[in-house]
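Using UniProt numbering, the final residue of the sequence shown is 678, and nothing's skipped along the way.
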Amino acid sequence: MGKSEGGSEESLPPDESEKLVAPADFDGPTKDRHCTDIFCSILLLCMWIAMTGLGAYAATNGDFRVILYPLDYDGNICGTDYGSIDMNDYPYLVYVNIFSGGVCVKECPDIEEDLTDIYTLVTYGGLYQTENAQLPADAIQIADYSTAEGAKTCTEQLCYPDGDPEQAYTSIGVNRGTGYAFFALDTYEALWRCVPNKDAYERMQNQTGSSDDLALEENDNESFWSKLYSDFWTAKAYILGFGFGVSLAISFLYLFILRIKFLLTLTVWLSIFATIGLIVGVGIYAKERAEYWDNQEPQIESDDTITAARISAYVLWGIAGLLFLVMCFLRKQIQLAIGTVKETSKSLIDMPMIVTLPVVQSAGFIAFMVVWVVYAVYLASLGELKTETYDITPDAFDDIDLDVLDGLDTPQITVRTFVYDDFIKQCAWYLLFCFFWTSQFIIAAGEIIYAMCFAKWYFARDKSKVDSGTVWESLCDSCWYHMGTAAFGSLILAIIKIIRSIIAYFQEKAKEADSKIAGCVLCCCQCCFWCLEKCIRFLNKNAYIHTAIFSTSFCTSAKEAFFLILRNALRIGAIEYVSGAVIFVGKAFIACLTGACAYILIDQQIGHELDSVVGPVILVVLMAYSVAAMFMSVFDMGIATILQCFIADEEMFDGDEMYAEGDLREWIDKYDESDKEG
Numbered sequence: 001m002g003k004s005e006g007g008s009e010e011s012l013p014p015d016e017s018e019k020l021v022a023p024a025d026f027d028g029p030t031k032d033r034h035c036t037d038i039f040c041s042i043l044l045l046c047m048w049i050a051m052t053g054l055g056a057y058a059a060t061n062g063d064f065r066v067i068l069y070p071l072d073y074d075g076n077i078c079g080t081d082y083g084s085i086d087m088n089d090y091p092y093l094v095y096v097n098i099f100s101g102g103v104c105v106k107e108c109p110d111i112e113e114d115l116t117d118i119y120t121l122v123t124y125g126g127l128y129q130t131e132n133a134q135l136p137a138d139a140i141q142i143a144d145y146s147t148a149e150g151a152k153t154c155t156e157q158l159c160y161p162d163g164d165p166e167q168a169y170t171s172i173g174v175n176r177g178t179g180y181a182f183f184a185l186d187t188y189e190a191l192w193r194c195v196p197n198k199d200a201y202e203r204m205q206n207q208t209g210s211s212d213d214l215a216l217e218e219n220d221n222e223s224f225w226s227k228l229y230s231d232f233w234t235a236k237a238y239i240l241g242f243g244f245g246v247s248l249a250i251s252f253l254y255l256f257i258l259r260i261k262f263l264l265t266l267t268v269w270l271s272i273f274a275t276i277g278l279i280v281g282v283g284i285y286a287k288e289r290a291e292y293w294d295n296q297e298p299q300i301e302s303d304d305t306i307t308a309a310r311i312s313a314y315v316l317w318g319i320a321g322l323l324f325l326v327m328c329f330l331r332k333q334i335q336l337a338i339g340t341v342k343e344t345s346k347s348l349i350d351m352p353m354i355v356t357l358p359v360v361q362s363a364g365f366i367a368f369m370v371v372w373v374v375y376a377v378y379l380a381s382l383g384e385l386k387t388e389t390y391d392i393t394p395d396a397f398d399d400i401d402l403d404v405l406d407g408l409d410t411p412q413i414t415v416r417t418f419v420y421d422d423f424i425k426q427c428a429w430y431l432l433f434c435f436f437w438t439s440q441f442i443i444a445a446g447e448i449i450y451a452m453c454f455a456k457w458y459f460a461r462d463k464s465k466v467d468s469g470t471v472w473e474s475l476c477d478s479c480w481y482h483m484g485t486a487a488f489g490s491l492i493l494a495i496i497k498i499i500r501s502i503i504a505y506f507q508e509k510a511k512e513a514d515s516k517i518a519g520c521v522l523c524c525c526q527c528c529f530w531c532l533e534k535c536i537r538f539l540n541k542n543a544y545i546h547t548a549i550f551s552t553s554f555c556t557s558a559k560e561a562f563f564l565i566l567r568n569a570l571r572i573g574a575i576e577y578v579s580g581a582v583i584f585v586g587k588a589f590i591a592c593l594t595g596a597c598a599y600i601l602i603d604q605q606i607g608h609e610l611d612s613v614v615g616p617v618i619l620v621v622l623m624a625y626s627v628a629a630m631f632m633s634v635f636d637m638g639i640a641t642i643l644q645c646f647i648a649d650e651e652m653f654d655g656d657e658m659y660a661e662g663d664l665r666e667w668i669d670k671y672d673e674s675d676k677e678g
């Protein structure tokens, strides 16, 4: 059979225009499979072993606490002996200065009953208490800073003039939250940091009359987030139920909608005309603005700007006209794309278990990330630790009103930095390469599994026998026979990604050196490799589909899939556009409908218990969009697989021998004769 669009086959060399030939016993995806690209599987395994060895070396010689534990005002790391003072017995940090300064303590202050003791101050030199203090002297056990270079102690004159809390807040020591002392507040522990309780801050505000100051401005932001977290916790059951359960149910509802021919066709054609209409509309707006500027008295915009607006309008209208002609020319291919989308929706409904595979993929990726992050943290701790102190300038905090600092000493911040030798840097690059290869491998493995599921569905004469058991069968076959192919394709992408990372590294160096020429050249290289990555990713996906059908190696699959696509370029282009439109509409439909349902029920059931319904609903929408994205990624792979199966089917078989059914069969019956005449 082997038809091609518009006679494009004639322009191809003989070997490239040869149609696929079905194996003698072909009856769907090859049952007599063999392992493909074994060498790449072994190479991937060796990479993981080497990464594990690197992680063991880093864990043996490094200390994660250097990276994760907090840094006090003197440059010591709480909970360790890194610094001028041994802090092994003081693992937590209490903030004294709102910018960075804090002291290490044994336990986070716990003042549950009164929330705050404004007559007790936590200072850079220890605990300072007035005669009205309510807390015991040992309530907050602070490390001994008597030998610290920046140690400062409080006196009544410096920190608590006349025993007045309001004067204490503006004193030299407290300095409105930017000094070396602050009031004892109730806190909770988060990542070894003692975070002040928002209610304790409000109580301190009332007792010191400091509602408009910087420390409390910072706490207002924290109060917003605290209320948001509280709403999340109160509505957690609704968030999880709608975010995962309802969104998944709506995803299947969307599939049923896609099976309705009228609605699917309407959605696709509306998206096409909406795109053209949007371009025309922007052109009209540009033309109207040009006329408006031209008629202004006096004229504000330059003649060049007015001319540019007019030219832009004409260009946009030209693009819209060109798109309309292309749409007319590709009307048959668009109908084929619509048929492919419908068949994909049917396959997903026949194999509902397939939508759980992204969850398995995500779990595998998370498991790898946990290990990888541990290795990365330990490796990062192998550097030479240094601390640097910087002055705080208003430019560094654009979102905070720093007028309250007028007349005060410039606040400082102490940060940790690391200096690494060449060996550690090389290990870091290798670890980054491991991340790229493994993450891309997980994606590739999933694509092969999806492709095999959809290919088995397409080539099944009796589709009633295809169910979720086919998913399990495809999972086992793919993992046993074709992980080498996934490793091969993902290796190519990993190499491209590491090259792009190296280019990005040199781009930063060029920026630091203010080298315009080098920056321009590197930017061009980055763009070229970005385009290459997109092309390889597209070719890989189609190679995986070919492997899933014929059990061929990566190179063979990539070559045959490339020429198969080349012979059907117009169809592929049309399906890419149509599938993109369907997937976009699907994500928006699932996320918005889930969010609307969640808003109605949450507002009715627990709205009175929340500070605002908006926060939980936004989280539901984000979760639903994530579910929709996972669901639609399977859908996208299904569209690509069924299309490739269809064009392979069309090349290998004639008439009734073909496996195409439903809308794809209708398309063949409708356009087959005209294709032969063309």
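Backbone N, C-alpha and C define an ideal beta-carbon position, used for all residues, glycine too.
CA-to-CA, the gap between Y430 and M369 works out to about 15 Å. In the displayed model, T130 falls within coil according to three-state DSSP, outside both helix and strand. For V634 and I443, the gap between their C-alpha atoms comes out near 11 Å. For the set P23, G28, C479, P91, the Cα lying nearest the Cα of V466 is the one of G28. Proximity of the segment 454-468 to the segment 342-351 meets the contact definition, three or more beta-carbon pairs being nearer than 8 Å.
By the criterion of a C-beta distance shorter than 7 Å, V613 is surrounded in its chain by Y599, I602, D603, G607, once the five residues flanking it on both sides are discounted.
Contact between the segment 29-41 and the segment 543-554 is present: 3 or more CB-CB pairs across the two stretches fall below 8 Å.
If you draw a straight line from the Cα of E576 to the Cα of P358, it is about 22 Å long. With respect to the C-alpha of R571, the residue from Y145, D186, Q335 having the closest C-alpha is Q335. The closest CA to that of F584, considering only F433, I311, G339, Y625, is found on Y625.
In the DSSP annotation of this structure, D164 is not part of any alpha helix (DSSP H), being labelled neither H nor E. Looking only at E447, G383, T267, the smallest Cα-Cα distance to I354 is reached by E447.
The beta carbon of D636 lies closer than 7 Å to those of S579, I583 in the same chain, with the five residues before and after it left out. Our two residues, N197 and P616, have alpha carbons roughly 22 Å apart in a direct line. Looking at the DSSP output, Y95 shares a beta bridge with G102. Distance from the CA of D421 to the CA of G383, rounded to the nearest whole angstrom, comes to 7 Å.
The C-alpha of I349 lies about 22 Å from the C-alpha of G241. Excluding five sequence positions before and after Q141, the CB atoms of its chain that fall closer than 8 Å to its own CB belong to Y90, V105, K106, E107, given in chain order. As summarised for the segment 527-592, there are no continuous beta strand (DSSP E) elements at least 3 residues long confined to that stretch. Counting the other Cβ atoms within 10 Å of the Cβ of A24 gives fewer than 16, which makes it exposed. When C-alpha distances from W192 are compared across R65, D37, M51, the shortest belongs to R65. DSSP, reduced to helix, strand and coil, places A648 within a helical segment of the structure shown.
In this structure, DSSP gives K152 a state outside helix and strand, which the three-state scheme calls coil. Look at R416 here: in three-state DSSP terms it is strand. For secondary structure counted as the alpha helix (DSSP H) over 4 or more consecutive residues, the segment 224-287 holds these complete runs in sequence order: 236-240, 247-258. Three or more beta-carbon pairs separated by less than 8 Å are not found between the segment 244-260 and the segment 308-324, which leaves the two stretches without contact. Ranking D186, V195, E291 by CA distance to the CA of R203 puts D186 first. Annotation for E508: the continuous alpha helix (DSSP H) segment containing it runs 483-512. Straight through space, the alpha carbons of D81 and F562 are spaced by roughly 60 Å. Per the coordinates, the alpha-carbon of L121 lies some 10 Å from the alpha-carbon of G173. In the displayed model, L185 falls within a strand according to three-state DSSP. A184 is the residue among E666, A184, L20, E112 whose C-alpha sits nearest the C-alpha of A133.
Taking C-alpha positions only, Y92 is separated from P109 by approximately 10 Å. Following the DSSP letters along the chain, one finds P352 in no beta strand (DSSP E), marked with neither H nor E.
When secondary structure is reduced to three states using DSSP, Y119 falls in the strand class. Between A56 and S501, the alpha-carbon positions lie close to 25 Å from each other.
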